[in-house]
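Each residue of the sequence shown is one higher than the one before, counting from 2 in our numbering. All C-beta atoms in this analysis are idealised placements derived from N, C-alpha and C, irrespective of residue type, glycine included. Structure first, then comments.
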Amino acid sequence: MNEPTKLDQINLVVSDMGASVDFYRRLGVVIQDTDPEWDPHHRSADADGGVDLDLDSTTFAKQWNQGWSGGRVVVGFKVDSRQRVDEIHSDLVSAGYRSQQSPYDAFWGARYAIVEDPDGTAVGIMSPSDPAYRSTPTAP
């Protein structure tokens, strides 16, 4: 039997990275500066409790979610294997839910897919990351 699906990540797709970083820092969230090339496109918050909070630009969201249609939140769930990503995606799509991103080997090394819930919220399904599948993404 497979492990239960676990809440793992929340991605906020933001229209103005600087303004969003300023807001969340003012709120008390610790967000590190990164490589200047990536600062306008991707930031990760230092989150406690095992759930990641990432901010991504609209430009970058289109790179990792080919079906992105303007939604601002991606709720991410972790599963126990690469195969489970494909199985869950197939099951949900077969049940009539819309796929935004078919399963693929993402640049960060995980198997990843995105399906919309009944209200259109993007739900990411991600396997553990495997260094053998990592690649260098192109900056947006």
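Would you kindly work out how many angstroms separate the C-alpha atoms of residue 73 and residue 54, rounded to a whole number? By one-based count along the sequence shown, residue 73 stands at place 72. By one-based count along the sequence shown, residue 54 stands at place 53. Going from the Cα of residue 73 to the Cα of residue 54 covers about 13 Å.
Residues near residue 40 by beta carbon distance below 8 Å, same chain, minus five either side: Along the sequence shown, read from residue 1 onward, the residue named residue 40 stands at position 39. Excluding sequence neighbours, residue 40 sits near 18, 34.
I need the straight-line Cα distance from residue 105 to residue 71, nearest angstrom please. As a working note, residue 105 is residue 104 in the sequence shown. As a working note, residue 71 is residue 70 in the sequence shown. Computed Cα separation, rounded: 21 Å.
Are the CB atoms of residue 100 and residue 121 within a distance shorter than 8 Å? If you number the sequence shown from 1, residue 121 lands on position 120. If you number the sequence shown from 1, residue 100 lands on position 99. Not a contact, by the Cβ cut-off of 8 Å.
What distance in whole Å lies between the Cβ atoms of residue 108 and residue 128, which are believed to be in contact at a cut-off of 8 Å? The residue given as residue 128 occupies position 127 in the sequence shown. The residue given as residue 108 occupies position 107 in the sequence shown. Contact flag wrong, Cβ pair sits at about 14 Å.
Whole angstroms is fine: what's the gap from residue 61's alpha carbon to residue 4's? In the sequence shown, the residue the question calls residue 61 occupies position 60. In the sequence shown, the residue the question calls residue 4 occupies position 3. C-alpha separation (whole angstroms): 31 Å.
How should residue 46 be labelled, buried or exposed, when 16 other C-beta atoms within 10 angstroms of its C-beta is the threshold for buried? The residue labelled residue 46 in the question sits at position 45 within the sequence shown. Buried.
Using the Cα positions of residue 81 and residue 6, report the straight-line distance between them to the nearest angstrom. As a first step, residue 81 is located in the sequence shown; it is residue number 80 there, counting from the start. As a first step, residue 6 is located in the sequence shown; it is residue number 5 there, counting from the start. When rounded, the distance between both Cα atoms is 8 Å.
Once the 5 residues before and after residue 87 are set aside, which same chain residues still bring their CB inside 6 Å of it? What you label residue 87 is simply residue 86 of the sequence shown in a count that begins at 1. Only 104 meet the Cβ criterion.
To which residues does DSSP link residue 113 through a beta bridge? The residue labelled residue 113 in the question sits at position 112 within the sequence shown. Assignment of beta-bridge partners to residue 113 by DSSP yields 105, 127.
Beta-carbon separation of residue 124 and residue 78 under 8 Å? Within the sequence shown, the letter at position 123 stands for residue 124. Within the sequence shown, the letter at position 77 stands for residue 78. Yes, Cβ-Cβ distance for residue 124 and residue 78 is below 8 Å.
The beta strand (DSSP E) spanning residue 55 covers which residue range? The residue labelled residue 55 in the question sits at position 54 within the sequence shown. Its beta strand (DSSP E) spans residues 53-58.
Between residue 31 and the ligand PLP, is there a pair consisting of the residue's CB and a ligand heavy atom that are separated by less than 7 Å? This structure does not include the ligand PLP; it has no bound ligands of any sort.
Please report the straight-line C-alpha distance between residue 15 and residue 56, rounded to a whole angstrom. Looking up residue 15 in the sequence shown gives position 14. Looking up residue 56 in the sequence shown gives position 55. Their Cα atoms are separated by approximately 7 Å.
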